[in-house]
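Right, one structure below, let's go through it.
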Amino acid sequence: MRCSRHEIVSLIEGRTADLLAAADAARRECCGDAVHLRGIIEFSNVCARNCAYCGLRRENDELTRYTMSAEEILRVVAEAEREEVRTIVLQSGESDACRPEWLAQLVAAVKHRFDVAITLCVGEKSPECYRAWRQAGADRYLLKHETANPTLYAGLHPDSRLQERLAALGCLRSLGYQIGTGNIIGLPGQKSADLADDVLLARKLDVDMAAFGPLVPHPGTPLGNAPAADIDASLRVLAVARLVLGPVHIPATTAFDALAPDGRQRALQAGANVIMANLTPHEYRNLYEVYPHRRAANSLPRTKAILTRLGRPLAADYGHSLKPTPEAKPCCAPPKA
Ligand code: SF4
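Okay, so the sequence shown: first residue is 2 according to the working numbering, each after it adds one.
Shown next, in the form of structure tokens:
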């Protein structure tokens with residue numbers, strides 16, 4: 002749907018029920034009813050950056066830091082494959098705690114042993130790192146732009162610039178990754194026009210995945226006293242994104258469940274076609290504290306139960322891009338010996 006910035010703002014500020022129903026119909030038309038399940042392994046909470054909204058920021062001294070071993074990660078992937086998870090998301094804070102060669106070897110080992118696609122979400126890195134991980138078999142890369150407003154971005158990210166992030170997304174695209182971006186909804190000072198710009202930026206970047214998630218404040222951060230995002234307002238942004246972006250993968254992010262017990266379910270009824278299950282071992286899970294009190298609701302059984310309640314089938318395929326990306330195909334099949 003070709004919408005102007007003004008029209009997107011009107012939709013974001015308009016009637017919730019009509020908008021969500023239209024987005025649900027659009028999702029059915031361009032993605033079908035099957036929901037793609039992504040299994041996330043949060044393999045390290047070490048982070049060198051200091052983003053104002055994130056509990057993993059380096060100045061949060063209260064947090065015990067961890068990094069999983071390759072053997073631990075491979076055990077989790079083996080179990081996930083048995084549970085029919087077809088995409089593994091390897092996610093961490095942004096640091097040099099894990100050497101690029103280590104991650105390349107891990108990606109290659111996962112692709113060699115298991116029949117899964119791999120999404121990386123490890124932050125801004127050098128083109129050489131991106132190339133090595135792509136050559137090792139990584140299929141996708143998620144790098145949220147967080148906000149398309151450069152002033153807001155600068156206030157939240159003391160050690161990165163929006164332009165650098167966008168350049169990184171361009172580099173990832175040129176290397177043949179399926180790319181994903183996304184925003185945070187409900188930031189202090191954020192206007193409807195900023196949210197419209199977030200959606201338009203995702204359209205301009207022609208992304209394969211777009212994650213629009215609400216702010217859930219962490220008390221140990223500069224945004225600790227900010228109000229959490231409103232769930233209806235957040236669902237409206239997600240719905241508008243579906244209408245404007247068409248055939249892209251849009252997740253019901255776990256942060257929706259922090260706003261309401263049925264938050265992810267409602268997101269799946271407002272345009273989302275992807276759901277995430279947290280596969281991080283229990284001894285580490287509470288330490289990946291982007292925001293506090295993350296519920297156990299995003300465990301694999303509870304995540305599958307949402308789909309049962311909605312009567313939506315679990316997708317059987319890898320859930321690759323809905324757009325023609327032939328250059329991404331060679332990494333789809335695991336290079337088994
Ligand atoms: Fe680190 Fe990412 Fe959190 Fe920023 S948002 S502090 S880069 S983990």
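Just so it is clear, CB atoms sit at the ideal spot from N, CA and C, and this is done for glycine as well. Remember, it's a predicted structure, so these values are computed and weren't measured experimentally.
- In the structure shown, Q266 falls within a helical segment according to DSSP collapsed to helix, strand and coil.
- The shortest C-alpha to C-alpha distance from A133 to any of A109, R310, N150, D116 is the one to A109.
- Under DSSP, L38 forms a beta bridge with I276.
- Note on geometry: alpha-carbon atoms of V77 and A139 lie some 17 Å from one another.
- Counted as a single uninterrupted DSSP element, the alpha helix (DSSP H) harbouring S175 occupies residues 163–175.
- With three or more CB-CB distances shorter than 8 Å, the stretch 273–285 counts as touching the stretch 241–256.
- At least one heavy atom of the ligand SF4 lies less than 7 Å from the C-beta of N51.
- Q164 and L269 have their C-alpha atoms roughly 31 Å apart.
- Counting of Cβ neighbours within 10 angstroms places P314 among the exposed residues, the total staying below 16.
- Inside the stretch 56–96, DSSP marks whole beta strand (DSSP E) runs of 3 or more residues at positions 88–93, from first to last along the chain.
- At a cut-off of 7 Å, the beta-carbon of E60 does not count as near the ligand SF4: no heavy atom of the ligand is closer than that.
- Residue burial is scored here from C-beta neighbours: E72 has fewer than 16 other C-beta atoms within 10 angstroms and is therefore classed as exposed.
- Three or more pairs of CB atoms, one per stretch, sit closer than 8 Å, so the stretch 180–200 contacts the stretch 144–156.
- Under a 10 Å Cβ-count criterion, S5 is classified as exposed, with fewer than 16 other Cβ atoms of the shown protein chains found around its own Cβ.
- Burial check for N299: the Cβ neighbour count within 10 Å reaches 16 or more, so the residue is buried.
- The DSSP-derived three-state label of E43 is strand.
- For G214, the distance from the CB to the nearest heavy atom of the ligand SF4 is not below 7 Å.
- A22 carries a helical assignment under DSSP once its states are collapsed to helix, strand and coil.
- Of all alpha-carbon atoms in V245, A227, T222, the one lying nearest the alpha-carbon of N51 is that of T222.
- Distance from the C-beta of E95 to the nearest heavy atom of the ligand SF4 is below 7 Å.
- The beta carbons of G181 and V200 sit no closer together than 8 Å.
- Excluding five sequence positions before and after L244, the CB atoms of its chain that fall closer than 6 Å to its own CB belong to M2, A24, A27, given in chain order.
- Q136 is bridged by DSSP to nothing; it lacks a bridge partner.
- For N287, the secondary structure class from DSSP, reduced to helix, strand or coil, is coil.
- With contacts defined as CB atoms closer than 8 Å, A211 and V238 fail to qualify as a contacting pair.
- Secondary structure at E147: strand, using DSSP grouped into helix, strand and coil.
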